Every structure is written in structure tokens, then in C-alpha cells.
Amino acid sequence: DYFPRLEIYILRMPSSLHESLGSYIMQELLRQLGAIAQGNSPSAIFARNIKNSASAEISFEDIEYSSHQPDASFQHFEAQFPGVILELSCSQKKQDLSRLAHEYILGSDADIRIVIGIDVEYKGSKKASVSIWRPRIEVNDAGEKELSVVQTITDQACSP
Numbered sequence: 001d002y003f004p005r006l007e008i009y010i011l012r013m014p015s016s017l018h019e020s021l022g023s024y025i026m027q028e029l030l031r032q033l034g035a036i037a038q039g040n041s042p043s044a045i046f047a048r049n050i051k052n053s054a055s056a057e058i059s060f061e062d063i064e065y066s067s068h069q070p071d072a073s074f075q076h077f078e079a080q081f082p083g084v085i086l087e088l089s090c091s092q093k094k095q096d097l098s099r100l101a102h103e104y105i106l107g108s109d110a111d112i113r114i115v116i117g118i119d120v121e122y123k124g125s126k127k128a129s130v131s132i133w134r135p136r137i138e139v140n141d142a143g144e145k146e147l148s149v150v151q152t153i154t155d156q157a158c159s160p
């Protein structure tokens, strides 16, 4: 991944842990999405129109934000961008997950509604933690609306 504003590259080298964990999480999310899609409620109808975008490249119109390939993503068929992004980190620094979340949300002008980051210790215990970022609209001192990113869950322990 390249971050033009910071002028840095991050090289991704997925491990077998990274790939197997990503596959497991994707299958579980698809299973839960399938359960929600049952019936005729508005939520069920909406869920039936969400597709697994996997790690398809996401490019933004604003050149300030570079394109990225998430570990997983889910997108409604009428949406320009996926609403849900999943990023796994087995060796990245946690700040890289935060940086990616900001890129996704700000680059999509908040069309990406949630970025889920899962960080797994690469060696040793393989403890995992989950963090979640969402867009927020705030009013600045001049009374203008500004888009920001807020981390709603920070490093909550979970079992991989």
C-alpha cells in the first residue's frame, strides 16, 4: 500500500495465519449475513443485496488517497464503495491499521461506514484484538460540517 500524503509504502506479505484467519472470518460474516437475509423484513431485503467484494481494489477519486486492497469487504450492489472493510494485521504495527481506516473512510467520503481491524500477535501467544473505526460528522468552530474518523472500539481482546 502507498500512502501519498505520508509518502510511505507498506509492503504486505500475508502469512498462513493471516490467510486462514481471514478465510475463517469471511466465512463467518457470510454465514451471519445469510441468516439476516432470511425473510421479508427491510433488513433481510437489504442483506440479500450485499455481495462479498473480497479483496477487490478500492480506488478513490481524490488523488490525496491511494488505492488499497482490503483483506475482505462487503458492498451493497447500489453502492460505489463497500460499506464494510476488514483488515487483518499479523505483523503490521497497529498504527498502520488506523492509517488504513482513515484512508478508507476519508477517501470514500464516508461511504465506507465501518473498518474492522484485527491485530494478531505474530509470534508467541497469538493473542488477538479488534478495533473499529467509523465516520463522524462534526461541526467546526466556523459552523461548517467536517468529516472525521472515530475509533469506537480500541484493542478489545478476542479469540482468533
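Residue 1 is where the sequence shown starts when you use UniProt numbering, and the numbers rise one by one after that.
Glycine included, every Cβ here is placed at the ideal spot set by N, Cα and C.
Bear in mind the structure is a predicted one, so any value in this text is a computation, not a measurement.
#### Entry: Coil, strand or helix - glutamine 27 by DSSP
Correct three-state label for glutamine 27: helix.
### Task
Tell me whether the beta-carbon of valine 149 lies closer than 8 Å to the beta-carbon of leucine 106.
Contact: yes.
### Query
Helix or strand or just coil, what does DSSP make of alanine 44?
The answer is helix: DSSP assigns alanine 44 an H, G or I state.
### Task
Report all residues from its chain with a CB closer than 7 Å to the CB of alanine 110; omit the five preceding and five following residues, and keep chain order.
Pro135 and Leu147.
### Straight-line gap, leucine 33 to alanine 47 (C-alpha atoms, nearest Å)
So the alpha carbons of these two residues sit roughly 6 Å apart.
#### Entry: Nearest-angstrom beta carbon gap, serine 89 and proline 82 [assumed within contact, 8 Å]
In this structure, proline 82 and serine 89 do not form a Cβ contact; the two beta carbons are roughly 19 Å apart against a cut-off of 8 Å.
### Test item: CB-CB of isoleucine 85 and valine 130 under 8 Å
Contact check for isoleucine 85 against valine 130 fails: the beta carbons are separated by 8 Å or more.
### Message
Are the CB atoms of isoleucine 50 and glutamine 75 within a distance shorter than 8 Å?
### Response
A contact, by the Cβ cut-off of 8 Å.
### Task
Measure the beta-carbon distance from phenylalanine 77 to serine 108 and round it to whole angstroms, keeping in mind my assumption that it falls under 8 Å.
In fact, because the Cβ distance is near 16 Å, the residues do not count as touching under 8 Å.
### Task
Give the DSSP bridge partners of leucine 100, in chain order.
As computed with DSSP, leucine 100 is found in no beta bridge at all.
### Query
Are glutamate 19 and histidine 68 touching if we call contact CB-CB under 8 Å?
8 Å or more divides the Cβ of glutamate 19 from the Cβ of histidine 68.
### Query
Does the distance from the C-beta atom of tryptophan 133 to that of alanine 101 stay below 8 Å?
Yes, the pair counts as a contact, with Cβ atoms nearer than the cut-off.
### Query
Leaving out five residues before and five after leucine 30 in sequence, what residues of the same chain have Cβ atoms less than 7 Å from its Cβ?
Sequence-distant Cβ neighbours of leucine 30 in its own chain, meaning closer than 7 Å and more than five residues away, are Asn52.
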